[in-house]
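For the sequence shown, position 44 (counting from the first letter as 1) is numbered 44 according to full-length UniProt numbering, and the numbering increases by one without interruption.
For every residue, glycine included, the Cβ atom is placed at its ideal position computed from N, Cα and C.
All remarks here apply to the structure that follows.
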Amino acid sequence: MSRTVAGARSGQRTRAKKYNRRESLAGYLFIGPWIAGLLIFTVISMGWSLVLSFQNYDLATGSATPAGVENYRLLAEDPNVLNSLGNTFIYALMAVPLDIAFALLLASLLNGVKRGSGFFRLVYYLPKMTPSVATAAVFLLLLNGNSGAINKFLALFGIAGPQWLSDPAWMKPSIVIMSLWGVGGTTVILLAALQAVPKELYEAASTDGANRRQQFFSITVPLISPTLFFLTIVNTIGALQIFDQAYLLFYRDGNSSVPDSARFFGVYLYQQAFQHFNFGPAAAMAWLLFVIIMIITVIQIRVGNRFVHYEGGDRP
C-alpha cells in the first residue's frame, strides 16, 4: 500500500514538473519578442553609444578613431550644453507638478462620476493617443500671439495675452501647456489609485466631523502617495527627455536660430547628431543625460520614501 502511494506521489511530481516546464516555455515564447527588441534596440544600442562616446566617428566613411575623453571635455566647454540642461530642468520643475496636480483634479472628478464613467475615461485618455505632430499643429494655432484662441479668450477678461511662441519668457510655459494635453495617462493611473481607497475610511472620518479638505489630506493623499511617488519619478524621467514638443513648436522648419530659452537638451543632442553629424559628442551627451537622470531618480527615491505611506509599513 505504501509503495502504491509513494509511486502515485512520484508520478504527480513528475507530471507537475513537466507542466511547469511547459508553462515556463510558453511564458518565454510570449515574452521572447519583447526580450529581442530590448536587446537589439536598447541594450546593444546603449552599448554602442557608450563606445561611440569615446570615439570620433565619420559617417561618410564609416570609420572611427579613438578620442578618449575628448568628447566629454568638449561638452564641459560648450555653453549650449549648460544652457540646454538649465532649460530642461526648469521645464521639468514646471511640468511635472502641474501634470500631476491637473491629473489628480481630473481623476477626483471622474471618481465621483457614477454613470458613463467609462466614456469619460476614454475622452480624457484619447488626447494621449494623438500624434505629437497633430498636437503641435493644433497648439501652433491656439498659442498664436496675434490670433490664437487662448489670447482671444484672455481678451474677454481684458487680459492682453503674451506672444507665446516668440517671447523667450513664455516659450517654456507654452510647452508646459502643450504637455498638459496628454495628461490622460496620468489621470487613469490616479483614478485607479483613488478607487482603491476604502470607502469606510471616508465614512468614519465624516462621522468624526472631518470635512472634505481634511479627508483629502488625511486619507486620500497618504493612501495614494505610492502612486504619486511613482508618477513623480516616471514623469520626471520623461520631462528630462523632452524633445518632440520643443522641436515641433520651435524647430519645425529647421530653424536653428531660436532663442536660448527654447534650446532643450534633447533638441541640442539631436542637432549635434543629425544636423552637424557630431556623433561622438552626441553620444557623450546621451550618456551625460543618462547619468543625470539616474542621480535624480536615486535622490527622489531616497527622499520620497520618507513621505510615502506603504500598507503594512513596508518600504521597498
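**Study point:** Spatial neighbours of Gly182 in its chain, beta-carbon cut-off 8 Å, leaving aside the 5 residues before and after
**Key:** Cβ neighbours of Gly182 beyond the five flanking positions: Pro127, Lys128, Thr130, Thr135.
Exercise for review: Give every residue of the same chain whose Cβ lies closer than 6 Å to the Cβ of Ser84, excluding the five residues on either side of it in the sequence, and list them in chain order.
Suggested key: Excluding sequence neighbours, Ser84 sits near Arg263, Phe264, Phe265, Tyr268.
Review point. Got a sec? Which residues, its chain only, sit under 7 Å from Ser117 by beta carbon, not counting five neighbours each side?
Key: Here Ser117 has Leu110 as same chain residues with Cβ atoms under 7 Å from its own Cβ, once five neighbours each way along the sequence are excluded.
Review point. So is Gly148 buried or exposed if we call it buried at 16+ other beta carbons inside 10 Å?
Key: A buried status is given to Gly148, since no fewer than 16 other beta-carbon atoms sit within 10 Å of its beta-carbon.
**Study point:** Of the residues Gly161, Tyr251, Ile242, Ser261, the one placed nearest Leu289, counting alpha carbons only
**Key:** Among Gly161, Tyr251, Ile242, Ser261, the Cα nearest to that of Leu289 is on Ile242.
Check your understanding: If you draw a straight line from the alpha carbon of residue 318 to that of Tyr270, how long is it in whole angstroms?
Key -> Missing from the structure shown is residue 318; the chain here goes from 1 to 316 and no further.
Practice item. Take the Cβ of Leu141 as the centre, count every other Cβ of all protein chains shown within 10 Å, and call the residue buried at 16 or more, exposed below. Key: Exposed, by the Cβ-count rule.
Practice item. Give the DSSP-derived three-state secondary structure of Ala64 in the structure shown. Key: The answer is strand: DSSP assigns Ala64 an E or B state.
Practice item. Could you check what DSSP says for Gln55 in three-state terms: helix, strand or coil? Key: Gln55 carries a strand assignment under DSSP once its states are collapsed to helix, strand and coil.
**Study point:** Inter-residue spacing [alpha-carbon to alpha-carbon] between Thr232 and Leu249
**Key:** The alpha-carbon of Thr232 is positioned some 25 Å away from that of Leu249.
Point to revise | DSSP three-state assignment for Tyr251, whether helix, strand or coil | key: Looking at Tyr251 - three-state DSSP - the assignment turns out to be coil, as it is neither helix nor strand.
Review point. What residue range is occupied by the uninterrupted alpha helix (DSSP H) comprising Arg302?
Key: Start and end: 279-304.
**Study point:** CB of Ser53 within 8 Å of CB of Ala273, strictly
**Key:** Contact flag unset, no.
Review point. Under 8 Å between the Cβ atoms of Leu191 and Ala107?
Key: Using a Cβ distance threshold of 8 Å, Leu191 and Ala107 count as a contacting pair.
Check your understanding: If you run the structure through DSSP and keep just helix, strand and coil, what is Ser147?
Key -> Note: Ser147 maps to coil in three-state DSSP.
Review point. Does DSSP put Lys114 in a helix, a strand or coil?
Key: Coil, per DSSP.
Review point. Using CA coordinates, which residue listed in Lys152, Phe157, Leu50 is at the minimum distance from Gln163?
Key: If we check each option's Cα against that of Gln163, Lys152 comes out closest.
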